[in-house]
Amino acid sequence: ADTERDTLRKKLPEWVETSRKLSASGKVAQYIPELAGAPAGALGITILGPGPGDLLQAGDVGCRFTMQSISKVFTLLLALMDRGEDGVFAKVGMEPTGDDFNSMLKLELVEPGIPFNPMINAGAITVTSLIEGEDPLTKFDRILAFFRKLSGDPELTYNPRVYKSEALTAHRNRSLAYFLKDNAVLGPDEDVEDILDVYFKHCSIEVDCGHLARLGLVLALDGKDPVDGTQLIPTRYVQIVKTFMFSCGMYNASGEFAIRVGIPAKSGVAGGILAVVPDRYGIGVIGPALNRYGNSTAGVHLLETLSGALDWSLF
Ligand code: GLN
3 ADTERDTLRK
13 KLPEWVETSR
23 KLSASGKVAQ
33 YIPELAGAPA
43 GALGITILGP
53 GPGDLLQAGD
63 VGCRFTMQSI
73 SKVFTLLLAL
83 MDRGEDGVFA
93 KVGMEPTGDD
103 FNSMLKLELV
113 EPGIPFNPMI
123 NAGAITVTSL
133 IEGEDPLTKF
143 DRILAFFRKL
153 SGDPELTYNP
163 RVYKSEALTA
173 HRNRSLAYFL
183 KDNAVLGPDE
193 DVEDILDVYF
203 KHCSIEVDCG
213 HLARLGLVLA
223 LDGKDPVDGT
233 QLIPTRYVQI
243 VKTFMFSCGM
253 YNASGEFAIR
263 VGIPAKSGVA
273 GGILAVVPDR
283 YGIGVIGPAL
293 NRYGNSTAGV
303 HLLETLSGAL
313 DWSLF
């Protein structure tokens, strides 16, 4: 482990600069207008381990960005803690789709019209509806409190401009949600606009690579607080979300990522990637230029380089 850390310390800046060149072949997300202004050539990474001084960073680690789909991992954890496995999996499946993250193609194929998995938008909107709280504000407060506890940052909050920008333009997510309502996946008491509002807000929670690395480290440690060892999340639920990250976390590029990188990861359209090296590291990456699957082009390349050089694949 010491030689690995030495290698990382020596090589990380150079690997970041090599991967950064890949940004040129990607494109910053435009469909949420407020995301379009992100710096296309940025690339930063934080790698955090449990030991003192176990922190490695390189590139644009000061960059702040919204979590977007990375939040889906944690809303799923909260829903599992609120409703248990049976409650959650009555409403959402466990299978990868092979389709784009916001696809409507297969919504009616899994009985009885439930979304394939919690990492695609339809699944994550459903999961958001399962989080306890009398009204949308209470629900979101509970989500934010959960993120603050796991990240160790009491100031963590959402970016109101990104939230508003998505809320005003989310025609596709709106149609997905109304379709779920029509299929009774969202129940009779669920107000579609209220659920969407909570969903847009948790997608807009603003972080940097350090936050993602810390959140990833909690998952790497099977739900334990990296500082005081408290069990923050039941181990079984962490196992479930890491499995989803592995099979569906990079959307319809999850199979290729599993072969090339081989660790659980979750991407977001703002260009963030949260990755987990089980028992060892939480990793946060930002690179806003995306490939056609909505994953950071340079970020994926950087993780592939690291995994290849340090033999991180689980297999
Ligand atoms: N908020 C985004 C959306 O719903 C999240 C998608 C993503 O990060 N892939 O479209």
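In UniProt numbering, the protein residues as written are 3 to 317. We put the CB at the ideal spot given by N, CA and C, even for glycine.
Would you identify the three-state DSSP class for residue i, choosing helix, strand or coil?
{"i": "Glu192", "result": "coil"}
{"i": "Tyr160", "result": "strand"}
{"i": "Val30", "result": "strand"}
{"i": "Phe148", "result": "helix"}
{"i": "Ser315", "result": "coil"}
{"i": "Lys23", "result": "helix"}
{"i": "Tyr283", "result": "strand"}
{"i": "Phe202", "result": "helix"}
{"i": "Pro136", "result": "With the sequence shown as reference, residue 136 is identified as Glu, and Pro is not the correct amino acid for it. Looking at Glu136 - three-state DSSP - the assignment turns out to be coil, as it is neither helix nor strand."}
{"i": "Thr5", "result": "helix"}
{"i": "residue 2", "result": "Residue numbering for the chain in the displayed model covers 3 to 317; residue 2 lies beyond these limits and cannot be assessed."}
{"i": "Lys12", "result": "helix"}
{"i": "Thr299", "result": "helix"}
{"i": "Gly310", "result": "helix"}
Buried or exposed for residue i, please, with buried defined as at least 16 other CB atoms from any protein chain shown within 10 angstroms of its CB.
{"i": "residue 321", "result": "This structure gives no information on residue 321, because the portion of the chain shown stretches from 3 to 317."}
{"i": "Gly51", "result": "buried"}
{"i": "Ser315", "result": "exposed"}
{"i": "Gly257", "result": "exposed"}
{"i": "Arg216", "result": "buried"}
{"i": "Pro120", "result": "buried"}
{"i": "Gln70", "result": "buried"}
{"i": "Arg11", "result": "exposed"}
{"i": "Pro117", "result": "buried"}
For a quick check, are the C-beta atoms of residue i and residue j less than 8 Å apart?
{"i": "Gly289", "j": "Gly270", "result": "no"}
{"i": "Glu277", "j": "Val30", "result": "Here residue 277 is Ala; the residue named in the question, Glu, does not match the sequence. Result no, Cβ atoms of Ala277 and Val30 do not sit closer than 8 Å."}
{"i": "Val287", "j": "Gly274", "result": "yes"}
{"i": "residue 362", "j": "Phe103", "result": "The structure shown has nothing for residue 362, since the chain only spans 3 to 317."}
{"i": "Tyr283", "j": "Ala255", "result": "no"}
{"i": "Ile261", "j": "Val279", "result": "no"}
{"i": "Thr68", "j": "Val164", "result": "yes"}
{"i": "Val243", "j": "Gly154", "result": "no"}
{"i": "residue 319", "j": "Asn175", "result": "This structure does not reach residue 319, given that the chain is present from 3 up to 317, and the question cannot be answered."}
{"i": "Leu109", "j": "Ala124", "result": "yes"}
{"i": "Ala60", "j": "Val18", "result": "yes"}
{"i": "Glu192", "j": "Thr159", "result": "no"}
{"i": "Leu37", "j": "Ile49", "result": "no"}
{"i": "Leu305", "j": "Ala267", "result": "yes"}
{"i": "Ala183", "j": "Leu132", "result": "Here the sequence assigns Lys to residue 183, which means Ala is not the residue at that position. No, these two residues do not count as a Cβ contact at 8 Å."}
{"i": "Ser27", "j": "Ala42", "result": "no"}
{"i": "His204", "j": "Ser21", "result": "no"}
Within the present structure, is the beta-carbon of residue i separated from the nearest heavy atom of the ligand GLN by less than 7 Å?
{"i": "Ser71", "result": "yes"}
{"i": "Phe181", "result": "no"}
{"i": "Glu87", "result": "no"}
{"i": "Val75", "result": "no"}
{"i": "Glu168", "result": "yes"}
{"i": "Gly270", "result": "yes"}
{"i": "Phe246", "result": "no"}
{"i": "Gly296", "result": "yes"}
{"i": "Phe103", "result": "yes"}
{"i": "Cys211", "result": "no"}
Would you mind reading off the limits of the alpha helix (DSSP H) that contains residue i?
{"i": "Gly86", "result": "Ser73 to Phe91"}
{"i": "Gly125", "result": "Asn123 to Leu132"}
{"i": "Leu178", "result": "His173 to Asp184"}
{"i": "Ala277", "result": "Ala277 -> not in any alpha helix (DSSP H); beta strand (DSSP E) instead, spanning Gly274 to Val279."}
{"i": "Ile261", "result": "Ser256 to Arg262"}
{"i": "Gly218", "result": "Cys211 to Ala222"}
{"i": "Ala246", "result": "Per the sequence presented here, residue 246 reads as Phe, with Ala not at that position. Per DSSP, Phe246 belongs to the alpha helix (DSSP H) from Thr237 to Cys250."}
Please determine whether the Cβ atom of residue i lies at a distance below 7 Å from any heavy atom of the ligand GDP.
{"i": "Glu258", "result": "This structure lacks the ligand GDP; the ligands present are the ligand GLN."}
Residue i lies in the beta strand (DSSP E); which residues open and close that run?
{"i": "Ser269", "result": "Ala267 to Ser269"}
{"i": "Gln59", "result": "Leu57 to Gly61"}
{"i": "Thr48", "result": "Gly46 to Leu50"}
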